[in-house]
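Chemist: Would you mind keeping the following structure in view while I ask a few things?
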Amino acid sequence: MNKRLLFPALFAALAGSALADKVVSIGYSGPLSGGAAFYGKDVQSGLEMAIKELNQTGVTVKGEKVTFKLVSLDDRYLPNETATNVRRLTSQGANIVFVPHSGGILTVQPLTARDPEFLLVAYSSEPKILEAKNPMTFMLPPRFDNYFQPFTATQMKAFGKKLGLIPTTSAYGKQWTEGLVEEWKKQGGTVGANNGVDYNTTVDYSSAVSKALAEKPDVLFIGGPSQPTALVVKAAREQGFKGGFIVMDQAKFEQMDTIVPRSYLDGSVGILPTIEYAGTQVFKAQYQRQFKKIPTSEAALNYMGMNIIAKAMELAGTTDDPKAIRAKLDAAAKALPLGKTVYKLAGVTAGGHVDAEFVIASVKGGKYTKLRMAKVFK
Numbered sequence: 004m005n006k007r008l009l010f011p012a013l014f015a016a017l018a019g020s021a022l023a024d025k026v027v028s029i030g031y032s033g034p035l036s037g038g039a040a041f042y043g044k045d046v047q048s049g050l051e052m053a054i055k056e057l058n059q060t061g062v063t064v065k066g067e068k069v070t071f072k073l074v075s076l077d078d079r080y081l082p083n084e085t086a087t088n089v090r091r092l093t094s095q096g097a098n099i100v101f102v103p104h105s106g107g108i109l110t111v112q113p114l115t116a117r118d119p120e121f122l123l124v125a126y127s128s129e130p131k132i133l134e135a136k137n138p139m140t141f142m143l144p145p146r147f148d149n150y151f152q153p154f155t156a157t158q159m160k161a162f163g164k165k166l167g168l169i170p171t172t173s174a175y176g177k178q179w180t181e182g183l184v185e186e187w188k189k190q191g192g193t194v195g196a197n198n199g200v201d202y203n204t205t206v207d208y209s210s211a212v213s214k215a216l217a218e219k220p221d222v223l224f225i226g227g228p229s230q231p232t233a234l235v236v237k238a239a240r241e242q243g244f245k246g247g248f249i250v251m252d253q254a255k256f257e258q259m260d261t262i263v264p265r266s267y268l269d270g271s272v273g274i275l276p277t278i279e280y281a282g283t284q285v286f287k288a289q290y291q292r293q294f295k296k297i298p299t300s301e302a303a304l305n306y307m308g309m310n311i312i313a314k315a316m317e318l319a320g321t322t323d324d325p326k327a328i329r330a331k332l333d334a335a336a337k338a339l340p341l342g343k344t345v346y347k348l349a350g351v352t353a354g355g356h357v358d359a360e361f362v363i364a365s366v367k368g369g370k371y372t373k374l375r376m377a378k379v380f381k
């Protein structure tokens with residue numbers, strides 16, 4: 004054997020091994036099939052975009068170069084499958100796990116403190132997530148109970164006091180419905196029967212819409228994933244409904260108006276599309292170039308959340324200690340470059356909640372009118 008070739012080759016192999024990046028797995032359990040698949044894939048796209056950029060620019064933690072890898076599992080929007088997926092992900096070394104639906108989040112929150120511990124990144128506006136006071140949860144969107152008062156006041160003034168209900172029947176949808184109904188009655192309105200349907204499995208919404216319209220409502224409360232929500236709007240307009248819509252925050256106008264004419268959405272209140280925020284042009288262009296679709300808050304907030312996690316690892320000097328990473332989230336959010344924030348970002352609260360600017364909007368004449376909320380966060 005030629006020793007002159009052996010030792011340089013051995014040295015190169017050892018040097019390459021020493022210089023190899025540390026690979027950090029980021030777990031994701033969300034709906035990648037079924038009625039909520041578009042929603043789950045938007046979340047996944049935001050994470051993929053962030054990880055691709057982080058790996059290109061380079062992340063160094065305590066002098067060690069880190070490469071991130073997203074490990075995605077389909078839970079079909081079913082909390083029991085979320086729990087199974089999370090156990091699998093953490094057993095394989097993921098100590099950061101993203102979950103984008105309240106049922107799954109609330110199910111796995113108690114698992115965060117078990118061996119192995121992990122940081123749960125929650126993409127849901129369900130208030131119970133924060134009320135659980137789980138020290139290993141990082142919640143990205145604003146609480147949905149902030150929307151009840153302005154949505155109700157806006158639509159009651161514009162259309163009248165009778166509310167019809169066609170919400171999704173998920174646990175998240177039930178909580179939204181309960182809170183909105185309470186606020187609607189508080190402001191002096193009346194509420195019809197609950198004609199809720201499962202937006203993840205229903206194909207034809209005409210029957211539920213007919214039942215709701217039979218009560219002559221002034222406003223319809225609707226919502227779930229964007230695509231089926233748009234089909235509810237379509238059914239209502241085609242059955243002659245001229246009133247307004249209150250659209251649950253899970254549904255996004257920018258996706259709905261790719262399915263139904265923008266005119267069908269006139270008289271709706273919901274969340275201002277991400278692309279309508281100042282300073283999102285670069286993010287929008289990069290996202291559309293990579294995924295060939297419009298970025299929503301699912302993509303934007305999870306993109307931002309992943310960047311905060313990476314910065315928190317840098318500041319904590321560890322990729323392996325989820326408690327230490329959680330402790331640096333606020334500092335990480337405040338240190339994040341403007342190009343990575345998408346929304347105006349103030350930090351992360353002591354309770355683990357992103358403090359960012361969000362704006363609600365109404366649709367009038369095919370255009371979005373911004374409506375400021377009196378209280379953005381609780």
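Counting with the working numbering, you get residues 4 to 381 for the letters of the sequence shown. No residue lacks a Cβ here, since even glycine has one placed at the ideal position from N, Cα and C. This structure is a prediction, so every number in the text was calculated from the model and none was measured.
Would you mind sorting V366 into buried or exposed? The rule is 16 or more other CB atoms within 10 Å of its CB.
Modeler: buried
Chemist: List the DSSP bridge partners of H356.
Modeler: H356 pairs with M142.
Chemist: With DSSP run on the structure shown, which of helix, strand or coil describes A192?
Modeler: It should be pointed out that residue 192 corresponds to Gly in this sequence rather than to Ala. In the structure shown, G192 sits in coil (DSSP, three-state: anything other than H, G, I, E or B).
Chemist: Helix or strand or just coil, what does DSSP make of G30?
Modeler: strand
Chemist: Between the Cα of D221 and those of A86, L57, F162, T372, spot the shortest distance and give me the residue it belongs to.
Modeler: F162
Chemist: Do you know offhand how far V206's Cα is from P231's?
Modeler: 8 Å
Chemist: Which runs of the beta strand (DSSP E) spanning at least 3 residues fall entirely within the stretch 203-235, listed in chain order?
Modeler: 222-226
Chemist: Would R79 pass as a contact of S127 if the rule is Cβ separation under 8 Å?
Modeler: no
Chemist: Can you give me the C-alpha to C-alpha distance between W179 and N197, rounded to a whole angstrom?
Modeler: 12 Å
Chemist: DSSP has K165 in a bridge; who is on the other side?
Modeler: Per DSSP, T193.
Chemist: In the DSSP output, which residue or residues are listed as bridge partners for S300?
Modeler: Bridge pairing for S300: absent [DSSP].
Chemist: Can you check whether the C-beta of V46 is within less than 8 Å of a C-beta belonging to chain D?
Modeler: Absent from the structure: chain D. Only one protein chain is present.
Chemist: What residue ranges within the stretch 286-351 form continuous beta strand (DSSP E) runs of no fewer than 3 residues, ordered along the chain?
Modeler: Taken in chain order, the whole beta strand (DSSP E) runs of length 3 or more contained in the stretch 286-351 are 348-351.
Chemist: So what's K72 in DSSP terms, helix, strand or just coil?
Modeler: It is a strand residue.
Chemist: Taking C-beta to C-beta, are A140 and Q112 nearer than 8 Å?
Modeler: Inspection of the sequence shows that residue 140 is occupied by Thr rather than by Ala. In contact: T140 and Q112 (Cβ atoms closer than 8 Å).
Chemist: Between T321, L216, E241, L348, which lies nearest to A281 when the distance is taken from Cα to Cα?
Modeler: Looking at the Cα atoms, L348 is the closest of the given residues.
Chemist: Any idea if G107 is buried or exposed, counting beta-carbon neighbours within 10 angstroms, 16 or more meaning buried?
Modeler: buried
Chemist: Can you find the residues in the same chain that come closer than 8 Å, C-beta to C-beta, to S94, ignoring five residues on each side of it along the sequence?
Modeler: If we look at S94 and ignore the five residues flanking it on each side, its Cβ neighbours are P119.
Chemist: For the putative contact between G350 and L133, defined by C-beta atoms under 8 Å, what is the C-beta separation to the nearest angstrom?
Modeler: Between L133 and G350 the Cβ distance is about 15 Å, and since that is not below 8 Å, they are no contact.
Chemist: DSSP three-state label for T85, please.
Modeler: helix
Chemist: Could you tell me the boundaries of the alpha helix (DSSP H) in which F256 lies?
Modeler: 256-259
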